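A.B. asks:
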Amino acid sequence: MPSAPWQWIAPWWMWSAGGSTAGSIQVQAVPGIDIGLAEAWGLYDGGSRDVVVALVDTGIDYTHEDLAGRIWTNVDEIPGNGIDDDGNGYVDDVYGWNFYSDTNDVYVGTEDAHGTHGAGTIAANADNGTGIAGIVQSDRVKVMAVKALGGSDGSGTTASIIQAIQYAEANGAQICNLSLGSSQNDPALYRTMASSDMLFVVAAGNDGTDLETSPSYPASYDLDNVISVANIRYDGELDPTSSYGAASVDLAAPGSYILSTTPGGTYSYMTGTSMAAPMVSAAAAMVYSAFPNATLADVKDILLASVQKLDSLSDCTATGGMLDLGAAMAYAATASTGRT
Numbered sequence: 008m009p010s011a012p013w014q015w016i017a018p019w020w021m022w023s024a025g026g027s028t029a030g031s032i033q034v035q036a037v038p039g040i041d042i043g044l045a046e047a048w049g050l051y052d053g054g055s056r057d058v059v060v061a062l063v064d065t066g067i068d069y070t071h072e073d074l075a076g077r078i079w080t081n082v083d084e085i086p087g088n089g090i091d092d093d094g095n096g097y098v099d100d101v102y103g104w105n106f107y108s109d110t111n112d113v114y115v116g117t118e119d120a121h122g123t124h125g126a127g128t129i130a131a132n133a134d135n136g137t138g139i140a141g142i143v144q145s146d147r148v149k150v151m152a153v154k155a156l157g158g159s160d161g162s163g164t165t166a167s168i169i170q171a172i173q174y175a176e177a178n179g180a181q182i183c184n185l186s187l188g189s190s191q192n193d194p195a196l197y198r199t200m201a202s203s204d205m206l207f208v209v210a211a212g213n214d215g216t217d218l219e220t221s222p223s224y225p226a227s228y229d230l231d232n233v234i235s236v237a238n239i240r241y242d243g244e245l246d247p248t249s250s251y252g253a254a255s256v257d258l259a260a261p262g263s264y265i266l267s268t269t270p271g272g273t274y275s276y277m278t279g280t281s282m283a284a285p286m287v288s289a290a291a292a293m294v295y296s297a298f299p300n301a302t303l304a305d306v307k308d309i310l311l312a313s314v315q316k317l318d319s320l321s322d323c324t325a326t327g328g329m330l331d332l333g334a335a336m337a338y339a340a341t342a343s344t345g346r347t
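Residues in the sequence shown are numbered from 8 upward in steps of one, following this note's numbering.
(1) Going by DSSP, what residue range makes up the beta strand (DSSP E) through Asp64?
(2) I'd like to check one pair, Met329 with Ile239: are the Cβ atoms closer than 7 Å?
(3) Could you give the distance in angstroms between the alpha-carbon of Thr278 and the alpha-carbon of Asp246?
(4) With a threshold of 6 Å on Cβ separation, who are the neighbours of Thr349 within its own chain once the five nearest residues in sequence on each side are excluded?
(5) Consult DSSP for Ala29 and reduce its assignment to one of helix, strand or coil.
(6) What separation, rounded to the nearest whole angstrom, lies between the Cα atoms of Gly367 and Asp93?
(7) From the DSSP secondary-structure annotation, give me the bridge partner or partners of Gly157.
(8) Under 8 Å: do the stretch 199 to 216 and the stretch 282 to 289 share three or more Cβ pairs, one atom per stretch?
(9) Span of the beta strand (DSSP E) holding Gly103?
(10) Contact defined as beta carbons within less than 8 Å: I believe Gly54 pairs with Ser159. What is the distance between those atoms, to the nearest angstrom?
(11) At a cut-off of 6 Å, would you count Ile234 as near the ligand MN, judging by its Cβ distance to the nearest heavy atom?
(12) Which whole-angstrom value is the C-beta distance of Ala259 and Thr324, which I expect to be below 8 Å?
(13) Give a yes or no on whether 7 Å exceeds the smallest Cβ distance from Asp204 to chain D.
(14) For a test of the three-state rule: what should DSSP assign to Ala339, helix, strand or coil?
(15) For the stretch 182 to 250, list the alpha helix (DSSP H) runs that are entirely contained and at least 4 residues long, ordered along the chain.
(16) With three or more C-beta pairs closer than 8 Å as the rule, is the stretch 172 to 189 touching the stretch 77 to 97?
(17) Checking 7 Å against the spacing of the C-beta atoms, do Ala226 and Ala211 come in under that value?
(18) Hey, which unbroken runs of the alpha helix (DSSP H) at 4 residues or more fall wholly within the stretch 75 to 141?
(19) Distance check for Ala36 and Gly138, CA to CA, integer angstroms please.
(20) For Ser263, which residues of its own chain have a beta-carbon under 7 Å away from its beta-carbon, when the five flanking residues on both sides are left out?
(21) Can you tell me which of the three DSSP states Ala292 falls into?
(22) Does Thr268 come out as helix, strand or coil in the three-state DSSP assignment?
(23) For Met286, which beta-bridge partners are listed by DSSP?
(24) With three or more C-beta pairs closer than 8 Å as the rule, is the stretch 147 to 159 touching the stretch 99 to 115?
(25) Just list the residues that DSSP pairs Lys316 with in beta bridges.
(26) So, are the CB atoms of Ala116 and Ala130 less than 7 Å apart?
(27) If we call anything under 7 Å between Cβ atoms a contact, is Asp331 one with Gln315?
(28) Please classify Asn300 as buried or exposed, where buried requires at least 16 other C-beta atoms within 10 Å of its C-beta.
(29) On the DSSP letters alone, give me the boundaries of the beta strand (DSSP E) that Leu258 sits inside.
(30) In whole angstroms, give me the CA-to-CA distance for Ile169 and Ser186.
(31) Pull up the DSSP beta-bridge partners for Tyr274, would you.
(32) Check for me: the alpha helix (DSSP H) holding Ala47 runs from which residue to which?
(33) Going by CA-CA distance only, name the one from Ser167, Gly76, Ala342 and Val63 that's closest to Asp308.
(34) Buried or exposed: where does Glu118 fall if 16 or more other Cβ atoms within 10 Å of its Cβ makes it buried?
(35) Sorted by chain position, which residues of the same chain lie with C-beta nearer than 8 Å to Gly89's C-beta, five sequence neighbours on each side aside?
Spelled out as structure tokens, the structure:
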């Protein structure tokens, strides 16, 4: 568990006693509307299993000081020698691969803010005396940069996303965060995800629509290895921009006014289901690393069974609740999948 000073600057989503949050953006938080991170850290010893969370997204600023030691690297690749040392089909993919431009450069610049922000939420260092604290504080959990989106609008093709997913799994990722979506359903994407052994955590979307009548993909895929995530605000209400679905969206997680890492050693607030999904990916990584007997299917069941129920989410998500990582860790400790 991180040392004491972080307690005085914790954002609303870590744990909330109510009142206004500190920082450049003030929001009036409601007590208890948080993910129970203090309780989770109290039950987490760093884990006993290595876990890789792939961010199929824009790129990640892997040079950011708050992400030092948290980014996956391909240890079988020799940097800069122009040779595909590990024979995986990608030359010098030391930090992952850029499927948007088909290069090994997964960090281009400011266009990679979206992915860098998600990486910080998952795993930014807590005890380095700067910046923020990510959810998972463990050297056993790494974030893999798989760039499939880019340009000024952060767009990409389904073909690039499929390639990125396949790369992530082939290179050891067990959890895949997809903070992306489209109203167009590509059967090839469905087949790729359905045949994967990874657990996918998918943003529900920011159109404020009911996915039961206006589907978004891949959030609307009815697959056992998909968790679809809505955005809950600091006041315990679904953010008005968040899409929802009584059957197609599994749970909500904090996604409004989230401070995290951004390119060039900076930090920024962002809002959206794209910010909520990495919370759940991080929670999945923590549970999976801590309980080596648990399967990824078990992890999904644990996260959904341990949500904090809220009236505001009763008709918006299948569980009627928001992520409660503290409860999930406690639940997992007493489940048949417990530690060895």
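Idealized CB from N, CA, C, for every residue including glycine.
The structure presented is a predicted model; accordingly, all values stated were derived computationally and were not measured.
C.D. replies: Let me lay it out:
(1) Run containing Asp64: Val58 to Asp64, per the beta strand (DSSP E) assignment.
(2) Between Ile239 and Met329, the CB-CB gap stays under 7 Å.
(3) One C-alpha to the other measures close to 9 Å.
(4) The requested residue 349 is not part of the displayed model; the chain covers only 8 to 347.
(5) In this prediction, Ala29 has a pLDDT of 49, which is less than 50 and means its spatial position is unreliable; nothing more can be read from the coordinates.
(6) Examination of residue 367 is not possible in this model, given that the chain is present from 8 through 347 alone.
(7) As DSSP reads the structure, Gly157 sits in a beta bridge with Ser162.
(8) The stretch 199 to 216 vs the stretch 282 to 289: in contact.
(9) In this chain, the beta strand (DSSP E) harbouring Gly103 covers Gly103 to Asn105.
(10) In this structure, Gly54 and Ser159 do not form a Cβ contact; the two beta carbons are roughly 38 Å apart against a cut-off of 8 Å.
(11) Among the components modelled here there is no ligand, and therefore nothing to report on the ligand MN.
(12) Right, their Cβ atoms sit about 6 Å apart.
(13) Of the protein chains in this structure there is only one, and it is not chain D.
(14) Ala339: helix per DSSP, three-state reduction.
(15) Taken in chain order, the unbroken stretches of alpha helix (DSSP H) that lie wholly in the stretch 182 to 250 and span 4 residues or more are 194 to 201.
(16) The stretch 77 to 97 makes contact with the stretch 172 to 189; the number of CB pairs closer than 8 Å reaches 3 or more.
(17) A contact, by the Cβ cut-off of 7 Å.
(18) For the stretch 75 to 141, whole alpha helix (DSSP H) runs of length 4 or above, ordered along the chain, are 120 to 130.
(19) Taking the straight line from one Cα to the other gives about 21 Å.
(20) Here Ser263 has Asn238, Arg240, Tyr241, Asp246 and Thr278 as same chain residues with Cβ atoms under 7 Å from its own Cβ, once five neighbours each way along the sequence are excluded.
(21) Helix.
(22) Three-state result, Thr268: strand.
(23) Among the bridge pairs identified by DSSP, Met286 is matched with none.
(24) By the Cβ rule, the stretch 99 to 115 counts as touching the stretch 147 to 159, because three or more pairs are nearer than 8 Å.
(25) According to the DSSP secondary-structure assignment, Lys316 is paired through a beta bridge with Gly328.
(26) In the sequence as presented, Ala is not what sits at residue 116; that position holds Gly. No.
(27) Their beta carbons are under 7 Å apart, which means Asp331 touches Gln315 by this criterion.
(28) So Asn300 counts as exposed.
(29) Looking at the DSSP string, the run of the beta strand (DSSP E) that includes Leu258 is Leu258 to Pro261.
(30) Their Cα atoms are separated by approximately 14 Å.
(31) Answer is Thr268.
(32) In the DSSP assignment, Ala47 falls within the unbroken alpha helix (DSSP H) covering Leu44 to Gly49.
(33) Asp308 has its Cα closest to that of Ala342, out of Ser167, Gly76, Ala342 and Val63.
(34) Under this definition Glu118 is a buried residue.
(35) For Gly89, the CB contacts under 8 Å within the same chain, skipping 5 residues up- and downstream, are Val98 and Asp99 in chain order.
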